[in-house]
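Enquirer: Protein chains in written order, with our numbering: chain A, 1 to 240; chain B, 241 to 861. For each residue, glycine too, the CB sits at the ideal point set by N, CA and C.
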């Protein structure tokens with residue numbers, strides 16, 4: 001049986017990196033007596049995959065991992081069993097059954113919501129005007145630097161939403177294997193329009209807190225030009 | 241939300257910030273205001289190493305079960321954070337509460353190896369605690385050292401208020417009570433230490449004076465005030481079935497070196513290898529009840545979620561219920577994806593059968609520790625492993641599908657000849673030959689025999705505590721000799737040889753058998769920038785040599801010199817159970833290459849019987 005688990009990560013846990021979070025969940029499955037399936041062979045490992053690695057320092061309300069189990073408790077029981085063994089700063093919010101044919105979360109991720117907030121000490125001016133000017137451009141050229149090379153991109157089609165919210169910025173960005181951008185890259189692309197933002201990124205990036213809100217699959221009908229984003233947990237159903 | 245001692249800005253800049261945030265599964269959260277004694281337990285190395293140490297997990301569990309005591313942990317900040325903490329004057333903090341260590345009543349530092357000594361100074365300095373015990377006041381924590389290196393604590397004596405000699409389970413409760421009473425009575429730090437110094441196993445170095453002869457050896461070592469014992473007897477937890485054991489060990493987020501449940505099946509060793517300090521100082525052998533261990537295994541796996549369990553002891557094959565325990569573990573947990581690791585196991589039919597069940601034989605390697613190449617040398621060191629046993633074990637293993645064998649040796653053992661060390665290569669060759677005796681269709685390509693040699697470091701409380709260590713040149717010449725001999729073998733393409741670094745071993749040799757006069761050298765080396773010396777990327781031999789020169793100390797006086805049998809040794813004030821008579825007897829037998837039988841075969845009268853338990857009384861309980 002395929003199961004999708006959604007969890008939150010906050011507080012000091014933002015300093016626990018993705019690889020360590022994977023190891024953390026492997027142990028948590030055993031502590032919570034989840035009947036997880038193992039691969040065959042001499043070094044069996046749990047069948048588990050994460051939707052999208054969360055960078056060090058980021059917090060989230062919408063993290064996902066998929067597992068396979070041999071048998072399962074109800075969703076309610078599983079959530080409770082997992083939360084009984086969580087560290088402070090990680091909370092399981094849902095545990096749903098996926099159809100056997102379901103693709104894993106990693107391959108489904110198409111977009112992510114983020115809330116970027118700025119510490120008071122960042123002393124940024126109101127960003128409404130900057131955001132409006134940024135979005136009004138025909139194209140948003142951006143040079144993405146990877147370890148090996150530089151890639152010229154147009155961010156425009158990858159920014160599905162961007163607005164000022166609670167003094168910070170709400171963003172819905174393309175995510176996943178096809179196209180993927182990070183909130184900080186959007187801020188970098190925006191920074192020529194706002195010198196204070198540029199200074200902040202260069203000098204005090206730790207005053208910027210990025211919080212992931214949700215991960216989505218794109219379930220548009222064949223032939224449709226507009227994406228239809230569905231939170232990953234909605235692709236499964238509650239086990240009662 | 242929990243407040244951290246380090247800012248986001250710092251944590252996002254340094255390597256592996258999760259080392260410093262605490263919050264791990266099974267870490268203990270108490271309200272410091274609800275407790276009256278705060279104990280900070282320190283392993284002076286990086287987090288991943290320190291978190292792998294069983295002793296701290298045991299004591300952490302023990303202290304936190306005591307009413308009114310809150311025990312927390314601290315490890316050495318990695319050099320990247322070290323620099324930031326110094327620059328910004330951030331006091332070293334404990335992981336759980338993130339409070340400064342200097343607020344604690346006690347700072348307990350475990351001394352597991354000599355090459356962590358500069359890290360002790362780093363801990364104290366970052367904690368903003370005076371490095372010298374003599375300069376501390378009532379405001380500072382009581383600094384206690386424990387662990388194997390306290391069997392010669394003298395090189396670090398000036399930095400500690402107290403050393404706890406022996407196993408921690410026994411006296412800490414009394415020490416905490418003594419501390420509470422002293423505090424209630426308003427006693428000074430010194431008056432409290434005087435009380436502590438009267439407790440069994442506790443050594444307060446400030447209360448002892450050492451004088452020296454003209455030749456630099458010790459003339460006298462005596463208490464300098466009334467009522468302070470002249471001899472400190474090591475503490476042992478004799479009943480391992482009714483004591484503390486962490487059923488909920490702390491599980492780190494960062495991958496620790498020891499990423500598994502550790503089940504300590506016994507303490508001590510019956511073998512009596514003459515180079516081995518652990519085999520002497522933890523005598524007598526004491527076993528844990530197998531039913532208790534089964535229960536621990538179940539609970540610890542459940543409470544941690546680890547996928548591996550490892551049995552811990554100096555020689556697992558000597559645990560009488562081993563087969564029963566291992567079969568239980570395999571039956572009970574093998575199907576749940578739990579890997580079972582069995583270090584320090586004799587290679588025989590049973591262990592091969594077990595290993596073939598728990599690991600992939602094609603990938604795994606078989607390990608032997610003959611320690612010396614020739615039978616004569618193995619008799620000298622009392623390592624009861626014969627060539628026949630090794631070759632039979634290898635043969636059985638090759639038949640079972642293994643093709644990789646690892647062998648551990650030491651170079652620089654007392655009385656070693658060139659022929660003895662060439663035998664290392666010959667033994668490897670014989671093992672390789674065994675493999676090629678297998679019919680071709682049963683082989684899986686070439687075999688791979690890897691021999692490693694370390695350089696022998698004489699340790700206190702062993703029959704070799706009097707012997708001189710080789711020089712660097714002698715060590716490296718010996719390693720070269722072995723290497724050349726390896727290349728001359730018929731099957732040299734199946735043989736590999738590597739050897740350890742000599743400078744580090746020599747320095748370890750100096751501090752292992754050093755005295756108080758080395759403390760200034762340590763301090764000087766630390767000031768010159770020495771830190772994390774056990775890490776080859778940080779070890780700076782030249783700085784150490786400069787420190788010795790600056791302090792006018794000849795390291796060879798401690799490492800290379802053969803000590804007369806009547807010399808007062810810096811650790812003679814400790815009664816480690818094994819008597820000096822026994823050690824001398826064994827020293828002499830070694831020189832004659834005489835083997836001494838193990839404790840179960842025949843009592844050698846080592847003195848550990850005075851503890852009134854364990855293997856000495858095995859057939860009488």
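Using the beta-carbon of each residue, which ones in chain A are nearer than 7 Å to residue 577/B?
Expert: One-based indexing of the second chain puts residue 577/B at position 337. Those within 7 Å of residue 577/B in chain A are 38, 44.
Enquirer: Is it right to say residue 831/B is buried, meaning 16 or more other beta carbons lie within 10 angstroms of its own, or is it exposed?
Expert: As a first step, residue 831/B is located in the second chain; it is residue number 591 there, counting from the start. With fewer than 16 other Cβ atoms within 10 Å, it is exposed.
Enquirer: What does residue 24/A reach in chain B if we use C-beta pairs closer than 7 Å?
Expert: Taking the first residue of the first chain as position 1, residue 24/A is located at position 24. Residues of chain B passing the Cβ test: 493.
Enquirer: Which residue marks the beginning of the beta strand (DSSP E) containing residue 645/B, and which one marks its end?
Expert: Counting from 1 along the second chain, the entry for residue 645/B is found at position 405. It spans 644–651 - the beta strand (DSSP E) in which residue 645/B sits, taken as one unbroken run.
Enquirer: Chain A partners of residue 599/B, CB-CB under 8 Å?
Expert: By one-based count along the second chain, residue 599/B stands at place 359. 42, listed in chain order.
Enquirer: Three or more C-beta pairs closer than 8 Å, one from the segment 723–739 of chain B and one from the segment 660–667 of chain B: is that the case here?
Expert: Contact between the segment 723–739 of chain B and the segment 660–667 of chain B is present, because at least three Cβ pairs lie under 8 Å.
Enquirer: Once DSSP output is grouped into helix, strand and coil, what is the label at residue 411/B?
Expert: Position 171 of the second chain, counted from the first residue, corresponds to residue 411/B. DSSP places residue 411/B in coil when its eight states are reduced to three.
Enquirer: Say whether the segment 754–767 of chain B touches the segment 779–792 of chain B, bearing in mind that this needs 3 or more beta-carbon pairs closer than 8 Å, one atom from each stretch.
Expert: Cβ pair count under 8 Å is three or more, so yes.
Enquirer: Name the chain C residues whose beta carbon is nearer than 8 Å to that of residue 257/B?
Expert: The displayed structure is made up of protein chains A and B, and chain C is not among them.
Enquirer: Cβ atoms of residue 127/A and residue 142/A: under 8 Å apart, would you say?
Expert: In the first chain, counting from the first residue as 1, residue 142/A sits at position 142. In the first chain, counting from the first residue as 1, residue 127/A sits at position 127. No; because the gap between Cβ atoms is not below 8 Å, this pair is not in contact.
Enquirer: What number of angstroms, rounded off, separates the C-alpha of residue 160/A from the C-alpha of residue 212/A?
Expert: As a first step, residue 160/A must be located in the first chain, where it is residue number 160. As a first step, residue 212/A must be located in the first chain, where it is residue number 212. Distance between the alpha carbons of residue 160/A and residue 212/A: 15 Å.
Enquirer: Using the Cα positions of residue 77/A and residue 26/A, report the straight-line distance between them to the nearest angstrom.
Expert: Your numbering for residue 77/A matches position 77 in the first chain. Your numbering for residue 26/A matches position 26 in the first chain. Taking the straight line from one Cα to the other gives about 18 Å.
Enquirer: Whose Cβ in chain B lies nearer than 7 Å to the Cβ of residue 27/A?
Expert: As a first step, residue 27/A must be located in the first chain, where it is residue number 27. Correct list: 491, 544, 545, 546.
Enquirer: What's the gap between the Cα of residue 451/B and the Cα of residue 806/B?
Expert: Residue numbering aside, residue 451/B sits at position 211 when the second chain is read from its first letter. Residue numbering aside, residue 806/B sits at position 566 when the second chain is read from its first letter. Straight-line Cα distance between these residues: approximately 16 Å.
Enquirer: Any C-beta of chain B within less than 9 Å: which residues of the segment 70–96 of chain A qualify?
Expert: Going along the segment 70–96 of chain A in chain order, one finds 85, 86, 87, 88, 89 with a Cβ nearer than 9 Å to chain B.
Enquirer: In three-state DSSP terms, what is residue 233/A?
Expert: For the purposes of this step, residue 233/A is taken as residue 233 along the first chain, with counting starting at 1. Helix.
Enquirer: Indicate whether residue 247/A and residue 95/A have their beta-carbon atoms separated by less than 8 Å.
Expert: Outside the shown range of chain A, which is 1 to 240, sits residue 247/A, and nothing can be said about it.
Enquirer: Taking the alpha-carbon positions, what's the residue 660/B to residue 709/B distance?
Expert: For the purposes of this step, residue 660/B is taken as residue 420 along the second chain, with counting starting at 1. For the purposes of this step, residue 709/B is taken as residue 469 along the second chain, with counting starting at 1. Spanning the two alpha carbons is a distance of roughly 17 Å.
Enquirer: Report the rounded CA-to-CA distance for residue 829/B versus residue 520/B, giving the unit in angstroms.
Expert: Here residue 829/B refers to the residue found at position 589 of the second chain. Here residue 520/B refers to the residue found at position 280 of the second chain. Using only the alpha carbons, I get a separation of about 16 Å.
Enquirer: With distances taken Cα to Cα, identify the nearest neighbour of residue 227/A among 234/A, 1/A, 219/A.
Expert: As a position in the first chain, residue 227/A is number 227, starting the count at 1. Looking at the Cα atoms, 219/A is the closest of the given residues.
Enquirer: Could you compute how far the alpha carbon of residue 196/A sits from the alpha carbon of residue 125/A?
Expert: Looking up residue 196/A in the first chain gives position 196. Looking up residue 125/A in the first chain gives position 125. Near 8 Å, if we compare the C-alpha coordinates of residue 125/A and residue 196/A.
Enquirer: Strictly by DSSP, which residues pair up with residue 506/B?
Expert: In the second chain, residue 506/B corresponds to position 266, counting from 1. Its beta-bridge partners are 527/B.
Enquirer: Do the segment 556–563 of chain B and the segment 573–587 of chain B make contact, defined as three or more Cβ pairs closer than 8 Å?
Expert: The answer is yes - the segment 573–587 of chain B touches the segment 556–563 of chain B, with three or more Cβ pairs under 8 Å.
Enquirer: For residue 813/B, collect the residues of the same chain with a Cβ closer than 8 Å to its Cβ; drop the 5 residues on either side in sequence, then sort them by chain order.
Expert: Reading the second chain from its first residue, position 573 is the one you call residue 813/B. The answer, listed in chain order, is 443, 448, 461, 470, 471, 472.
Enquirer: Applying the 10 Å Cβ sphere with the 16-neighbour rule, what's the burial state of residue 45/A?
Expert: As a first step, residue 45/A is located in the first chain; it is residue number 45 there, counting from the start. It is exposed - the Cβ of residue 45/A has fewer than 16 other Cβ atoms within 10 Å.
Enquirer: List, in order along the chain, the chain B residues whose C-beta lies closer than 7 Å to that of residue 12/A?
Expert: Numbered from 1 along the first chain, position 12 holds the residue referred to as residue 12/A. 242, 244, 261, 263, listed in chain order.
Enquirer: Closest Cβ-Cβ distance between residue 475/B and chain A: below 8 Å?
Expert: Counting from 1 along the second chain, the entry for residue 475/B is found at position 235. No - not a single Cβ of chain A is within 8 Å of the one on residue 475/B.
Enquirer: Using 8 Å as the threshold, is the C-beta distance between residue 199/A and residue 155/A below it?
Expert: Position 199 of the first chain, counting from 1, holds the residue named residue 199/A. Position 155 of the first chain, counting from 1, holds the residue named residue 155/A. Not in contact: residue 199/A and residue 155/A (Cβ atoms no closer than 8 Å).
Enquirer: Counting contacts by CB-CB distance shorter than 8 Å, is residue 61/A in contact with chain B?
Expert: The count along the first chain starts at 1 and reaches residue 61/A at position 61. Answer no: the Cβ-Cβ gap between residue 61/A and chain B never drops below 8 Å.
Enquirer: On a Cα-Cα basis, can you pick out the residue from 256/B, 307/B, 294/B, 286/B that is closest to residue 270/B?
Expert: As a first step, residue 270/B must be located in the second chain, where it is residue number 30. Among 256/B, 307/B, 294/B, 286/B, the Cα nearest to that of residue 270/B belongs to 307/B.
Enquirer: Quick check: the segment 113–120 of chain A against the segment 166–185 of chain A, are there 3 or more CB pairs under 8 Å?
Expert: Taking 8 Å as the limit for Cβ pairs, the verdict is that the segment 166–185 of chain A does touch the segment 113–120 of chain A.
Enquirer: Thinking residue 844/B and residue 474/B are a contact (beta carbons under 8 Å), I'd like their distance in whole angstroms, please.
Expert: Numbered from its first residue, the second chain carries residue 844/B at position 604. Numbered from its first residue, the second chain carries residue 474/B at position 234. 18 Å between Cβ atoms; not a contact.
Enquirer: How big is the Cα-Cα spacing for residue 326/B and residue 360/B?
Expert: Residue numbering aside, residue 326/B sits at position 86 when the second chain is read from its first letter. Residue numbering aside, residue 360/B sits at position 120 when the second chain is read from its first letter. If I take the Cα positions, the gap works out to 15 Å.
Enquirer: Does any CB atom of chain A fall closer than 8 Å to the CB of residue 271/B?
Expert: The count along the second chain starts at 1 and reaches residue 271/B at position 31. For residue 271/B, the answer is no, since every Cβ of chain A falls outside 8 Å of its Cβ.
Enquirer: For a cutoff of 8 Å on Cβ pairs, would you count residue 529/B as touching chain A?
Expert: Position 289 of the second chain, counted from the start, is the residue given in the question as residue 529/B. Judged by the 8 Å Cβ criterion, residue 529/B is not in contact with chain A.
Enquirer: I want to verify the contact list: residues of chain A whose CB lies under 7 Å from the CB of residue 249/B, in sequence order.
Expert: The count along the second chain starts at 1 and reaches residue 249/B at position 9. Those are 206, listed as they occur along chain A.
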